[in-house]
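Here the structure comes first, spelled out in structure tokens, and everything after it is commentary.
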Amino acid sequence: MRKTIFSFLSSLKLTITLLIIIAGASILGTVIPQQYGAEGAIHNLSPGLIQLFEALQLFDLYHSTWFIMLMSLLSVNLIACSLKRFPTSWKLFRKTPSLDADRPFQNLPPERVITIEGKPHGLIDTVESLLLKRYKRVRKKELERGAVFYGEKGIYSRFGVYITHASVLVVIAGAIVGSLLGFDAFVNLAEGESTNTVYVTRQKGIKQLDFTLRCDTFSVSFYDNGMPKEYRSQLSFLKDNTVIHQGPLLVNHPITFDGIRFYQASYGTIPGDEVYLSIRKGNGEAVAKTVKLNEPFLLDDEDTRSEVVRIEENFMSMGPAVLLEIKSPGNSTRFWVFKYIERIVERFPGILEKFPKFNPGLVKPYSFSLDRIESRYYTGLQVSRDPGVYTVAVGGFFIIIGFLITFFGSHRRFWIKVEEQGGRSRISIAATSTKDPVGLDREVQHLIKHLSLVRD
Amino acid sequence: MVLNTTMLSWVTFIYFGSAVLYIFRMVTGKEFWGPPATYTALIGLLAQSTALVLRWIESYKMGIGHAPLSNLYESLIFFSWTIVLLYLIIEWRIKSRNLGAFVIPFAFIAISYASFSPNVNSRIQPLIPALQSNWLICHVITCFFGYAALTIACGLGLMYLIKGLDRGEGSSAFFKLLPNRDILDELSYHSIVIGFIFLTLGIITGSVWAYSAWGSYWSWDPKETWSLITWLIYAAMLHSRLIGGWRGKRMAIMSLIGFVSVLFTYFGVNLLPGLHSYF
Numbered sequence: 024m025r026k027t028i029f030s031f032l033s034s035l036k037l038t039i040t041l042l043i044i045i046a047g048a049s050i051l052g053t054v055i056p057q058q059y060g061a062e063g064a065i066h067n068l069s070p071g072l073i074q075l076f077e078a079l080q081l082f083d084l085y086h087s088t089w090f091i092m093l094m095s096l097l098s099v100n101l102i103a104c105s106l107k108r109f110p111t112s113w114k115l116f117r118k119t120p121s122l123d124a125d126r127p128f129q130n131l132p133p134e135r136v137i138t139i140e141g142k143p144h145g146l147i148d149t150v151e152s153l154l155l156k157r158y159k160r161v162r163k164k165e166l167e168r169g170a171v172f173y174g175e176k177g178i179y180s181r182f183g184v185y186i187t188h189a190s191v192l193v194v195i196a197g198a199i200v201g202s203l204l205g206f207d208a209f210v211n212l213a214e215g216e217s218t219n220t221v222y223v224t225r226q227k228g229i230k231q232l233d234f235t236l237r238c239d240t241f242s243v244s245f246y247d248n249g250m251p252k253e254y255r256s257q258l259s260f261l262k263d264n265t266v267i268h269q270g271p272l273l274v275n276h277p278i279t280f281d282g283i284r285f286y287q288a289s290y291g292t293i294p295g296d297e298v299y300l301s302i303r304k305g306n307g308e309a310v311a312k313t314v315k316l317n318e319p320f321l322l323d324d325e326d327t328r329s330e331v332v333r334i335e336e337n338f339m340s341m342g343p344a345v346l347l348e349i350k351s352p353g354n355s356t357r358f359w360v361f362k363y364i365e366r367i368v369e370r371f372p373g374i375l376e377k378f379p380k381f382n383p384g385l386v387k388p389y390s391f392s393l394d395r396i397e398s399r400y401y402t403g404l405q406v407s408r409d410p411g412v413y414t415v416a417v418g419g420f421f422i423i424i425g426f427l428i429t430f431f432g433s434h435r436r437f438w439i440k441v442e443e444q445g446g447r448s449r450i451s452i453a454a455t456s457t458k459d460p461v462g463l464d465r466e467v468q469h470l471i472k473h474l475s476l477v478r479d
Numbered sequence: 101m102v103l104n105t106t107m108l109s110w111v112t113f114i115y116f117g118s119a120v121l122y123i124f125r126m127v128t129g130k131e132f133w134g135p136p137a138t139y140t141a142l143i144g145l146l147a148q149s150t151a152l153v154l155r156w157i158e159s160y161k162m163g164i165g166h167a168p169l170s171n172l173y174e175s176l177i178f179f180s181w182t183i184v185l186l187y188l189i190i191e192w193r194i195k196s197r198n199l200g201a202f203v204i205p206f207a208f209i210a211i212s213y214a215s216f217s218p219n220v221n222s223r224i225q226p227l228i229p230a231l232q233s234n235w236l237i238c239h240v241i242t243c244f245f246g247y248a249a250l251t252i253a254c255g256l257g258l259m260y261l262i263k264g265l266d267r268g269e270g271s272s273a274f275f276k277l278l279p280n281r282d283i284l285d286e287l288s289y290h291s292i293v294i295g296f297i298f299l300t301l302g303i304i305t306g307s308v309w310a311y312s313a314w315g316s317y318w319s320w321d322p323k324e325t326w327s328l329i330t331w332l333i334y335a336a337m338l339h340s341r342l343i344g345g346w347r348g349k350r351m352a353i354m355s356l357i358g359f360v361s362v363l364f365t366y367f368g369v370n371l372l373p374g375l376h377s378y379f
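Just so you know, the sequences run in chain order W and L.
Offset between the first sequence (1-based) and the working numbering: plus 23.
Offset between the second sequence (1-based) and the working numbering: plus 100.
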């Protein structure tokens, strides 16, 4: 029973099946929108389908239980295969190669046998020195009328495959370490603001940092054709209100602080707290005035105090607006001043009569208009920690090393027999190789050419 | 049109000429057409290399200097360049022109799509912040050498399947010139190995770059995922060959399937949303 399970787990069939199933599942994941993408696309699906997809965890396929199971099974398969094959390779490596005078030479094609005039004495030395020069673990056995030799090279190439497979496991281990001990988070930070809280992406929670992060400035620059050229956040990292580290953060140039990496991920604008108003009294000239949120300002007559109490970037889908409060003794009025009041009136005739609070001329004799709201940049930062990344990198490096050893090396073994036959010398060359029969053939041809030129 | 783009559209015709000569040689069975085919491809390759260098210099003159590997147009041009380069190396190594008729057309298709499709913008564009990295060159070069080797493997797979239609005695020159199936199988295996190694390197360099640009070495972005799918397909192929002893027709068919996956990794992903959308 245990044997059957092991031979199933170490079978090539399982490997191929798993590779193909994982490939197929991955295709599915690129067709079905994943995670955040799913929220937007979900409306196009029928409720039944949504339920099915959710039950199968298809909206977060790559982190679903069954996908992780597939990956685990592939890892088990990989380990089982190596356990099955490694002892054979190891034995071959440790054991002194056999030196049979007959077996390797059975069924040898005639072109691998050459005959040379003269007795074999000198020839045996030539073959030996040739083998010693070119091959490893050379062995020699005297025969009645000659000698048989063994030589080999590239036995290390049998181990490339274990290096690659072990490295794949190292990569997977690194990925697991990263997903268990690391985190991915983001934070949006307006210029001048600071925070020590970031929002964890996957668990949808918050995370407190051991330090405070401040965005001093953010800037974006463009090429002449309008394409973005540079996003730059000037960040400060503080502990106990002292700046420990400062630096510019650019795309492709993350900052690492306290083991946590910060990336320039996005940016945007938010309304600031400054508002540009035009105020007209009666039929007089409009006067521009810049006011701050919640800072009272005086209109012409001393008794009326005004104040912007709310700023909305897009109020009721009618564009930028501010809520203005005007206080005169014994009287207080609040009303909205829209930026695009003409367009609003055009689109909704009679709106000002219906909603007097939208009328910019509500407080006589003044009439207000909103020119613009000052906006501030915020920078969108990705914040992450991945303690598994170096493990993954080492794994990746050794996958390639393993490939080079496996694909470009081959274990070539040669048996050469030199025998006297009727006053002449007969040389038989038998050879095997783990790979690359063409290359082996070329090498045997080379040996034959070399030996047939030898005359003693 | 700028000089380098003009040159590159001329190279399209040169590769067309070379492909026609290779095919002509196969159909007529006359080696007479062979050397002109090779030299035409070589002239095309040299002209294309010159144009690429000029384009590189031109971008510096514009003040936005970067290697010509940064958008769909430039990647297609580079794709055809790697195909022709790899092909000529193989032709020189195996001393046979028989693959030409099945490989050079791919290079021609890639470069003509770049030169003549209205959807492909041939202007030199500056690099957006995400592309401003030294990893751009490593990543693109390794990926495209991988794609080119796998394209050649696909051409070899096609040849293998066509050779299967050969009825032996009395068949046309075309069939006689197709190498025998063992050679095709062996060559196809070698191309796949080269392609697979470069594809792996492409994925690794891409991961390193992603780690410094996007904050994660792997984020299941569709292009990343498709490169993994392609990698898994070729991994399955290599295992079935090396351990399971699969040869011949099955491998030829697999190399066509693998190539479809390569094409999807390269182009199809533009249809899906993701981080690679600028390519």
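Glycine residues also receive a C-beta, built at the ideal position from the N, C-alpha and C atoms.
Asked                                                                                                                      : Found
Per-residue contacts from W:M94 into chain L (C-beta, under 8 Å)                                                           : None at all; the shortest Cβ gap to chain L is about 12 Å.
Under the three-state DSSP convention, the category W:S69 falls into                                                       : coil
Contact set for W:Y290: own chain, Cβ-Cβ below 7 Å, skip 5 residues either direction                                       : F241, V243, Y254, Y400, Y401, T402, G403
Paired residues, beta bridge with W:I450 - DSSP                                                                            : W:I137, W:V441
Any C-beta of chain L under 9 Å from that of W:S112                                                                        : no
Counted within 10 angstroms of its Cβ, other Cβ atoms place W:I302 as buried (16 or more) or exposed                       : buried
Beta-carbon spacing of W:E397, W:E297 below 9 Å                                                                            : yes
Within-9 Å CB hit, W:F31 to chain B                                                                                        : Although the question refers to chain B, the structure presented lacks it and instead comprises the protein chains W and L.
Integer Cβ distance of W:L236 from W:F260, believed to fall under 8 Å                                                      : 6 Å
Spatial neighbours of W:T356 in its chain, beta-carbon cut-off 6 Å, leaving aside the 5 residues before and after          : I349, V386
Span separating the alpha-carbon of W:D394 from that of W:G342                                                             : 12 Å
Cβ-based contacts, 7 Å cut-off: residues of the stretch 278-305 of chain L near chain W                                    : E286, V293, I297, T300, L301, I304
Rounded separation between W:T220 and W:L212 - CA only                                                                     : 11 Å
Positions along the stretch 27-56 of chain W whose CB lies within less than 7 Å of some CB in chain L                      : L35, T38, I39, L42, I43, I45, A46, S49, I50, G52, T53
Between the CA atoms of L:H339 and W:D123 - distance to the nearest angstrom                                               : 32 Å
Cβ-Cβ separation, L:G315 to W:R284 (assumed contact under 8 Å), whole Å                                                    : 7 Å
Nearest-angstrom beta carbon gap, L:G246 and L:F298 [assumed within contact, 8 Å]                                          : 3 Å
Neighbourhood of W:S87 by C-beta distance below 8 Å, restricted to the same chain and skipping five residues each side     : L79, Q80, L81
Distance between beta carbons of L:S361 and L:I329, contact taken as under 8 Å                                             : 6 Å
Close beta carbons around L:S377, own chain, < 6 Å, minus the five adjacent residues each side                             : With a pLDDT of 49 at L:S377, under the threshold of 50, the modelled position of this residue cannot be trusted; read the value that follows with caution. Hits under 6 Å: none found.
C-alpha distance - W:A490 paired with W:V331, whole-angstrom precision                                                     : Residue 490 of chain W lies beyond the range of chain W shown here (24 to 479); nothing can be said about it.
Interface positions of the stretch 247-269 of chain W facing chain L (Cβ-Cβ less than 8 Å), listed along the chain         : N248, M250, P251, K252, E253, Y254
Reduced DSSP category for L:A248 - H, G, I as helix; E, B as strand; rest coil                                             : helix
Under the three-state DSSP convention, the category W:E167 falls into                                                      : coil
Reduced DSSP secondary structure (H/G/I, E/B, other) of L:K320                                                             : Going by the sequence as given, residue 320 of chain L is Trp instead of Lys. Here L:W320 sits in coil by DSSP.
Range of the contiguous beta strand (DSSP E) that encloses W:K262                                                          : 251-262
Distance, L:I204 Cα to L:Y115 Cα                                                                                           : 7 Å
Strand pairing of W:I349, partner residues [DSSP]                                                                          : W:S329, W:T356
Segment limits, beta strand (DSSP E) that includes W:E297                                                                  : 283-304
Bridge-paired residues (DSSP) for W:P271                                                                                   : W:Q257
Proximity test, Cβ basis, 9 Å: W:R284 and chain L                                                                          : yes
Closer than 8 Å: L:Y247 CB and nearest the ligand ZN heavy atom                                                            : The ligand ZN is not among the ligands present in this structure, which contains no ligands whatsoever.
Cut-off 7 Å between Cβ atoms - residues of its own chain near W:L375, not counting five sequence neighbours on either side : V368, F381, N382
is_contact[W:G183, chain L] using C-beta, thresh 9 Å                                                                       : no
is_contact[L:H339, chain W] using C-beta, thresh 9 Å                                                                       : yes
Exposed unless 16 or more other CB atoms sit within 10 angstroms - verdict on L:A214                                       : buried
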